[in-house]
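Below is one structure, written out as structure tokens; comments come after it.
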Amino acid sequence: MASSSLSTEELQDIYTFALGLGRDAGKILLDGVEKRSGAENGRDMGKQEEKMNAVDIVTQTDLDVEAFVKNEITRRYPSHKFIGEETYSAGQSKEYLVDDSPTWIVDPLDGTVNYTHLFPMFCVSIAFCLGGIPVVGVIYAPVLDTTYSALAGHGAYQDDAHASKPRKKLPLINGPKAVLGPQAPKGCIFGCEWGKDRRDVEGGNMMRKIGSFINMAAEIGGRGGKGGMVHGVRSLGRSASSHPLFLFSLFAAIISAAPVTFISNTKYETILTQAILTFTDSFPLQSATMDLAYVAAGAIDIWWEGGCWEWDVAAGICILREAGGLITTANPPANPETDPIEEVKLGSRLYLAIRPAGDSETETGRQAQERVVRATWKKVQALDYSRPGA
1 MASSSLSTEE LQDIYTFALG LGRDAGKILL DGVEKRSGAE NGRDMGKQEE
51 KMNAVDIVTQ TDLDVEAFVK NEITRRYPSH KFIGEETYSA GQSKEYLVDD
101 SPTWIVDPLD GTVNYTHLFP MFCVSIAFCL GGIPVVGVIY APVLDTTYSA
151 LAGHGAYQDD AHASKPRKKL PLINGPKAVL GPQAPKGCIF GCEWGKDRRD
201 VEGGNMMRKI GSFINMAAEI GGRGGKGGMV HGVRSLGRSA SSHPLFLFSL
251 FAAIISAAPV TFISNTKYET ILTQAILTFT DSFPLQSATM DLAYVAAGAI
301 DIWWEGGCWE WDVAAGICIL REAGGLITTA NPPANPETDP IEEVKLGSRL
351 YLAIRPAGDS ETETGRQAQE RVVRATWKKV QALDYSRPGA
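Note that UniProt numbering numbers the sequence shown so that position 197 is 197, with each residue one more than the last.
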């Protein structure tokens with residue numbers, strides 16, 4: 001095989017292989033679910049350990065699934081490179097390692113916190129890259145029995161209950177594609193993640209995210225003109241006792257309805273911030289991989305995130321692009337109105353995704369996506385997730 005180019009037949013073979021591999025890996029995850037649910041024949045998830053902090057954890061299941069996937073790939077494609085979350089995280093360097101070689105990028109269990117709490121939003125993510133670009137993406141959510149997948153140049157698809165339902169082409173609203181409203185992000189569903197950087201310091205990533213979330217939720221004209229009045233911020237809080245609480249959705253609704261003078265009150269924001277920080281996580285899905293799948297499907301209009309790694313997003317980027325979505329950097333440039341909108345760098349750890357959009361009478365879908373990118377840039381704060389080699 002050539003180092004940076006493969007035939008159509010070879011890529012189709014890789015895609016078919018990845019689809020089956022994702023489902024086989026998902027069965028291992030389901031074994032763990034069944035064991036914890038009381039089934040005698042299930043797999044014990046084993047001891048969970050913290051990596052960076054209490055929301056960055058690894059279980060034996062993560063390690064088992066990655067070992068299984070790596071072994072299967074190595075047996076089938078011995079010349080290909082492999083980058084997996086758990087083997088990468090075990091090393092000391094955080095350099096970006098993806099080059100032009102045929103490379104598999106795998107997250108064996110995206111949404112580990114969800115998995116440990118038996119919240120169904122977790123998945124296996126498998127991507128194959130050529131020339132540093134994801135050309136095959138497979139995301140399998142085993143509890144939902146749903147696969148999102150794409151092969152470059154061949155579209156993106158959702159498969160539900162595989163034995164009984166036909167596959168659906170993405171985005172799900174596809175005849176025609178839904179347009180993006182002229183006042184977007186007003187009226188949009190905004191997806192975001194809190195991430196693992198929980199340092200409670202002024203100017204830190206956590207505080208910048210909180211400020212950005214408030215901007216997106218606030219009324220039009222609020223927040224010094226930054227208010228976005230989005231329809232909803234897809235976030236779900238989980239307390240330390242693991243009871244689901246729709247904390248941030250409530251928080252966004254309060255902010256949206258409050259008068260400008262109230263939402264600008266520093267003391268009020270401080271109280272909300274402290275309330276949020278008492279929770280293990282506040283999230284739309286707590287799986288960046290699933291976030292991107294839902295943007296590709298059209299269920300989330302805008303996804304803004306910093307702090308992910310390439311295994312979190314590689315498969316999703318392939319699927320989103322094939323569905324007709326746009327993905328660029330999360331950080332606003334010097335001039336959000338006129339600076340070019342560049343394709344995202346896979347290892348940048350900064351992502352802004354816009355769902356597929358149909359043409360309207362006044363603009364193409366692509367023009368609408370770019371308009372929403374620029375409008376979002378004007379409302380969010382820059383994040384700091386630099387790394388060597390990216």
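In this text, a Cβ means the ideal position worked out from N, Cα and C, and glycines have one as well. Predicted, not measured: the structure shown is a model, and the values here were computed from it.
- Measuring C-alpha to C-alpha distances from alanine 296 to each of Gln286, Val313, Cys308 identifies Val313 as the nearest.
- Around the beta carbon of proline 171, 16 or more other beta carbons sit within 10 angstroms, so the residue counts as buried.
- The three-state secondary structure of isoleucine 14, taken from DSSP, is helix.
- The C-beta of arginine 321 has 16 or more other C-beta atoms within 10 Å across all chains shown, which makes the residue buried.
- When secondary structure is reduced to three states using DSSP, tryptophan 311 falls in the helix class.
- Annotation for threonine 329: Glu342, Val344, Lys345, Ser348, Leu350, Tyr351, Leu352 place their beta carbon closer than 8 Å to its own, counting only its chain and skipping 5 residues before and after.
- Taking 8 Å as the upper bound for CB-CB distance, leucine 109 and valine 98 are not in contact here, some 21 Å apart.
- When secondary structure is reduced to three states using DSSP, valine 136 falls in the strand class.
- For leucine 130, DSSP records a beta bridge to Ile133.
- A contact is defined here as three or more CB-CB pairs under 8 Å, and the region 207-218 fails this definition with respect to the region 354-363.
- The distance from the Cβ of threonine 103 to that of isoleucine 83 is about 6 Å, consistent with a contact at the 8 Å cut-off.
- Distance from the Cα of glycine 298 is smallest, within the candidate group Ser5, Ser212, Ile354, Asn331, for Ile354.
- For glycine 222, the enclosing alpha helix (DSSP H) has its first and last residue at 222-225.
- According to DSSP, cysteine 123 shares a beta bridge with Asp110.
- Taking asparagine 335 as reference, the option from Arg374, Cys318, Trp311, Ala161 with the minimal CA-CA separation is Arg374.
- Taking the C-beta atoms as reference points, leucine 144 is found no nearer than 9 Å to serine 37.
- Beta-bridge pairing by DSSP links tyrosine 157 to Ser149, Lys169.
- In the structure shown, the three-state DSSP call for lysine 345 is coil.
- For leucine 352, the enclosing beta strand (DSSP E) covers residues 350-354.
- In the three-state reduction of the DSSP assignment, cysteine 188 falls in the coil class.
- Proline 166 and aspartate 384 have their C-alpha atoms roughly 43 Å apart.
- Counting C-beta atoms within 10 angstroms of its own C-beta, valine 201 has fewer than 16 neighbours from the protein chains shown and is therefore classed as exposed.
- The alpha-carbon separation between tyrosine 15 and glycine 221 amounts to approximately 47 Å.
- With a 10 Å radius around the Cβ and a threshold of 16 neighbouring Cβ atoms, glycine 191 comes out buried.
- When the Cα atoms are used, arginine 223 and asparagine 215 turn out to be separated by approximately 6 Å.
- Looking only at Leu326, Trp304, Cys318, Gly26, the smallest Cα-Cα distance to phenylalanine 128 is reached by Cys318.
- Rounded to whole angstroms, the gap between the alpha carbons of lysine 186 and valine 372 is 10 Å.
- Residue environment analysis places lysine 379 among the buried positions, since at least 16 neighbouring C-beta atoms fall within 10 angstroms of its C-beta.
- Under the DSSP assignment, lysine 209 falls in the alpha helix (DSSP H) whose first and last residues are 205-217.
- Residue pairing by DSSP places threonine 61 opposite no residue, since no beta bridge is assigned to it.
- Beta-carbon to beta-carbon, valine 138 and threonine 147 are separated by about 7 Å, close enough to satisfy the 8 Å threshold.
- DSSP lists Ala353 as the bridge partner or partners of isoleucine 327.
- Across the structure, lysine 35 and proline 340 are spaced so that their CA atoms are roughly 51 Å apart.
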